């Protein structure tokens, strides 16, 4: 879905990040130890705008805690009328989300587009 949303936004010639979207780059080690800092950054983006772009292209490790945090963030963003887009998603984040059945909920782009 995010790929579709991003494509719709790019159809009008605008990159979501260039259109005033908040961007969060997920850490390479996206596991429980990184959750405090990541949670603070995600909460900050909720106040910045309606479009949030997540860059998960550098994620080398992801655990259930990280994916749970991203699911909660996505739900809160949507509850506020916001839109989630992805700049990229690494094989590690796609694999972890797939194993947990969260790829669709997180609106991850198709693995070939990451």
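In our numbering, the protein residues as written are 21 to 134. Heads up, the beta-carbon is just placed ideally off N, CA and C, and yes, glycines get one too. These numbers come from a predicted model, not from an experiment.
Hey, could you find the ends of the beta strand (DSSP E) residue 107 is sitting in?
Its beta strand (DSSP E) spans residues 103-109.
Residue 75 bridges to which residues according to DSSP?
Answer by DSSP bridge pairing, in chain order: 45 and 108.
Count the other CB atoms, across all protein chains shown, that sit within 10 Å of the CB of residue 71; report buried if there are 16 or more and exposed otherwise.
Looking at its Cβ environment, which holds 16 or more other Cβ atoms inside 10 Å, residue 71 is buried.
Do residue 43 and residue 107 have their C-beta atoms within less than 9 Å of each other?
Going by C-beta atoms, residue 43 is nearer than 9 Å to residue 107.
On the CB-based measure, 16 or more other CB atoms within 10 Å of its CB, does residue 102 come out buried or exposed?
It is buried - the Cβ of residue 102 has at least 16 other Cβ atoms within 10 Å.
Less than 9 Å between the C-beta atoms of residue 58 and residue 113, yes or no?
Result no, Cβ atoms of residue 58 and residue 113 do not sit closer than 9 Å.
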